[in-house]
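So that you can map any letter, position 85 of the sequence shown is 123 in our numbering, and since no number is skipped, the others follow by simple counting. A virtual CB, placed ideally from N, CA and C, is assigned to each residue, including glycine. The structure under discussion appears below in the form of structure tokens.
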Amino acid sequence: MMKPSENWVLRLYIAGQAPKSLAAISNLHRICEEHLAGRYLVEVVDLLEKPQLAEGDKIIAIPTLVRKLPEPIRKIIGDLSDTEKTLVGLQLKPRSA
Numbered sequence: 039m040m041k042p043s044e045n046w047v048l049r050l051y052i053a054g055q056a057p058k059s060l061a062a063i064s065n066l067h068r069i070c071e072e073h074l075a076g077r078y079l080v081e082v083v084d085l086l087e088k089p090q091l092a093e094g095d096k097i098i099a100i101p102t103l104v105r106k107l108p109e110p111i112r113k114i115i116g117d118l119s120d121t122e123k124t125l126v127g128l129q130l131k132p133r134s135a
């Protein structure tokens, strides 16, 4: 688990204003406010505008959320509508038995 005082840097890769992209943005902001209030920075990267940025994080599907900090880097693919899965993927919550 992460230290409560750590700052988080998250990058969300989307494709324009597609419904899944908009859902991912909304879900990410809700999750961050509930679980990381005041300790996060979100960068949204629209691959329709900047496709070259996908290569750096090896993005193969969208939407994809990349946790840049704290390390290690973690990736979650999808619209982040499953809060439990997203929290486990970000290592904000331990995996259920």
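Contact fails between the region 125-135 and the region 79-87, because fewer than three Cβ pairs, one in each stretch, are under 8 Å apart.
For residue 68, the enclosing alpha helix (DSSP H) starts and ends at 57-73. Residue 48 is bridged by DSSP to 80 and 105. In this structure, residue 63 sits away from residue 121, with a CB-CB distance that is not shorter than 8 Å.
Per DSSP, reduced to three states, the secondary structure at residue 88 is coil, with no helix or strand assignment.
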